[in-house]
Structures are given as C-alpha cells and as structure tokens.
Amino acid sequence: MQDQPTALELLQAVRSFLQDQAIPRLEGRAAFHARIAVNALAIVERGLELGPAQSTAEQERLEALLGRPGSLDELNRELCSRIRAGEVDLDTPGLAEHLRETTLAKLAVDQPRYAAYRRATGEPE
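Counting from 0, one number per residue, gives the positions in the sequence shown under numbering that gives the first Met the number 0.
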C-alpha cells in the first residue's frame, strides 16, 4: 500500500509552487491571477486545518446557548429563528460571546491578517 498525500498536503504543494516558482516568473495580469489563486488556496488550507475544531466549538456554544443538542445547521437555524422572533437578543447571556467567537473563527480562515482580527486576538499587527 502506498501512502497518499492528504488534500491539505496537495493544496500546500500547489500553493508553494505558485508562490515560490510561478509568480516570480509571471507579469501583469497572469501574476495578479496567480496571486489570487494563492490566496484562495490558502483559505482552503486554513479551512481544512481549522474548520473541524471551529465547527465543534460553535456547536458546543450553540447547544449551551439554546439548551439542547442538535446538528450545527439546525442549531444555527433555531438561533436565527429565535433572534427573528425576539426571543433572543444581545442581552441574552452567552449570545454576544458566541457571535464574537464565531466571527473570529471565520476571520481566522478568511482573513487572518485583517487588522481588527489581529487586535481582537491580541496578535501583533
């Protein structure tokens, strides 16, 4: 049996090639599009690395907030429904913390160099 690279390893290899080998040899529009591709691959990498733990933490926060177990999707739908109905608002214990943590988790994948994210997490800018 041969060991196969993981999806994350494949993404990292492609991103490294583009970033280290291809982009320095490209100019203009092609270089611009290659940088966009590198950024997109980096987002997918971070999603694969961080996503499972983030989803578990979000589900645990929602279960505590809503007082019942459930899938992440159904708990999010219920939270939205309760907010729309006025049953839950920012004065509800745990809601603001949940929203903050969920937003920071999304930024950790999408924009980890975003200045406001770095300030919120205590990372140097």
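We treat Cβ as the ideally placed atom computed from N, Cα and C, and that holds for glycine.
None of the values given here were measured: they were computed from a predicted structure.
Taking the alpha helix (DSSP H) that residue i belongs to, which residues open and close that run?
i: V43; result: G27 to L65
i: T120; result: A114 to T120
i: L89; result: Run containing L89: none; DSSP gives neither H nor E here.
i: A12; result: A6 to F16
i: S80; result: L71 to R83
Looking at C-alpha atoms only, which residue of the options is the closest neighbour of residue i?
i: N38; options: E86, E57, R14 and P92; result: R14
i: P111; options: R76, G46 and E96; result: G46
i: A36; options: D90, P51, Q1 and I22; result: I22
i: A41; options: Q1, E122 and F16; result: F16
i: A52; options: A115, P123, E122 and A104; result: A104
i: L96; options: D19, T5, V43 and A119; result: Here the sequence assigns Glu to residue 96, which means Leu is not the residue at that position. Measuring from the Cα of E96, the nearest candidate turns out to be A119.
i: N75; options: E48, T101, G50 and R28; result: T101
i: A6; options: V43, A84 and P68; result: V43
Beta-carbon within less than 8 Å of residue i's beta-carbon, same chain only, minus the 5 sequence neighbours each way: which residues are those?
i: L71; result: S54, E57, Q58 and L61
i: D88; result: I82 and L94
i: A12; result: P4
i: E73; result: none
For residue i, is the classification buried or exposed, using 16 other Cβ atoms within 10 angstroms of its Cβ as the cut-off for buried?
i: L64; result: buried
i: L9; result: exposed
Would you please verify whether the beta carbon of residue i is less than 8 Å from any beta carbon of chain C?
i: Q53; result: The structure shown contains no chain C, having only a single protein chain.
Take residue i and list the residues in its own chain whose beta-carbon comes closer than 6 Å to its own, dropping the five residues that flank it on each side.
i: A114; result: E124
i: V108; result: R45, G46 and L49
i: R117; result: E124
i: R99; result: none
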